[in-house]
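**Q** Heads up: the sequence shown runs through residues 517 to 555, numbered per the working numbering.
Have a look at this one.
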Amino acid sequence: PVIAWGIGLDRLAMFALEINDIRELFTNDLKWLRNSKVL
């Protein structure tokens with residue numbers, strides 16, 4: 517079995533973009549993508 521501990525890149529992006537729901541990172545919503553700030 518594999519046990520992974522730590523923070524992944526998706527969690528770091530959540531903190532940087534101030535997103536509360538991780539599903540917003542993997543959305544297909546072009547309006548949200550165009551309005552989001554660039555890292």
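C-beta atoms are modelled at their ideal positions from N, C-alpha and C, and glycine is treated no differently.
To the nearest angstrom, how far is the alpha carbon of Leu533 from that of Gly522?
**A** Cα-Cα distance, rounded: 19 Å.
**Q** What does the alpha-carbon distance come out to for the pair Ile538 and Arg550?
**A** Using only the alpha carbons, I get a separation of about 18 Å.
**Q** Let me know the secondary structure DSSP gives Asn544 once reduced to three states.
**A** Note: Asn544 maps to coil in three-state DSSP.
**Q** May I have the straight-line CA-CA distance separating Leu541 from Ala520, to the nearest angstrom?
**A** Roughly 21 Å between the two C-alpha positions.
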